[in-house]
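In this note's numbering, the protein residues as written are 9 to 64.
Right, here's the structure in full:
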């Protein structure tokens with residue numbers, strides 16, 4: 009989450025890594041599961057592609 013653009017990309021795709029109590033304390037996989045992301049691997053792949061292309 010320290011990489012510039014990651015948080016904004018996640019939020020644009022319906023997943024906020026934060027709550028009123030701060031950063032999500034578990035794994036990214038668990039966060040995606042709780043947020044109802046059907047294909048967590050695809051979500052991560054698209055995020056990585058976005059970062060590699062320089063357009064998070």
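In this text, a Cβ means the ideal position worked out from N, Cα and C, and glycines have one as well.
Can you tell me whether residue i is buried or exposed? The criterion is at least 16 other CB atoms within 10 Å of its CB, across all chains shown.
| i | result |
| --- | --- |
| residue 46 | exposed |
| residue 39 | buried |
| residue 28 | exposed |
| residue 51 | buried |
Do you know whose CA, among the options, lies nearest residue i's CA?
| i | options | result |
| --- | --- | --- |
| residue 10 | 43, 31, 21 | 31 |
| residue 21 | 35, 48, 60 | 48 |
| residue 41 | 14, 23, 58, 15 | 23 |
| residue 43 | 63, 19, 59, 55 | 19 |
May I ask which residues mark the beginning and end of the alpha helix (DSSP H) holding residue i?
| i | result |
| --- | --- |
| residue 50 | 48-61 |
| residue 20 | 14-20 |
| residue 34 | Per DSSP, residue 34 belongs to no alpha helix (DSSP H) and is neither H nor E. |
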